[in-house]
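Using the UniProt record's numbering, count along the sequence shown one by one with no gaps and you end on 129. Where a beta carbon is used, it is the ideal one built from N, C-alpha and C, also for glycine. For clarity, every value in this text was computed on a predicted model and none was experimentally measured.
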Amino acid sequence: MDGSLPVGLVANTAAVLAMSLGRLHPELIGADLPDQDGQIHPGITTIVLPVLKSQPEQMANIARRARELPSGEVLVIDFTSLAQQAKTYGDYQSALSATQATALPYIGLCLFGEAAHIKSLTGSLPLLR
């Protein structure tokens, strides 16, 4: 996550990335659970989702390295300032299709895969505080 973002944009970016991961991997969401009174609470993530601090250039490098791994090793979900600034999904689609991959302005990444791969890509990044 871009550590220079205001807290509201950090929260929004994290939410967007988590929703995309949940759509692609619904098995990561636990079952609905009752409390002692029988009220049902929708399932939440069953895995730890650390939020790490990075800079846009670092994220671009991490995304590139992750995508160079054999297919399926690491899922990369990216969130760019193009998406954050778009008013509609159509606006985002237009902006993305007009931008080269090497010029994407990353503000957040979600990586999902084997722990060893993720650690090799992100091991030096601190937690976002």
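Status (buried if at least 16 other CB within 10 Å, exposed otherwise) for Leu-49: With fewer than 16 Cβ atoms within 10 Å of its Cβ, Leu-49 is classed as exposed.
Helix, strand or coil at Val-7 according to DSSP, with G and I counted as helix: helix
Residues that Ser-71 bridges to, as DSSP identifies them: Its beta-bridge partners do not exist; DSSP assigns none.
Ala-83 beta carbon less than 9 Å from that of Leu-75: no
Host alpha helix (DSSP H) of Gly-90 (start-end): Where Gly-90 is concerned, the enclosing alpha helix (DSSP H) stretches over 89–97.
Option in Cys-110, Gly-90 and Leu-121 with minimal Cα separation from Arg-23: Ranking Cys-110, Gly-90 and Leu-121 by CA distance to the CA of Arg-23 puts Cys-110 first.
At least 3 beta-carbon pairs within less than 8 Å: the region 119–127 vs the region 56–75: Short answer: they touch.
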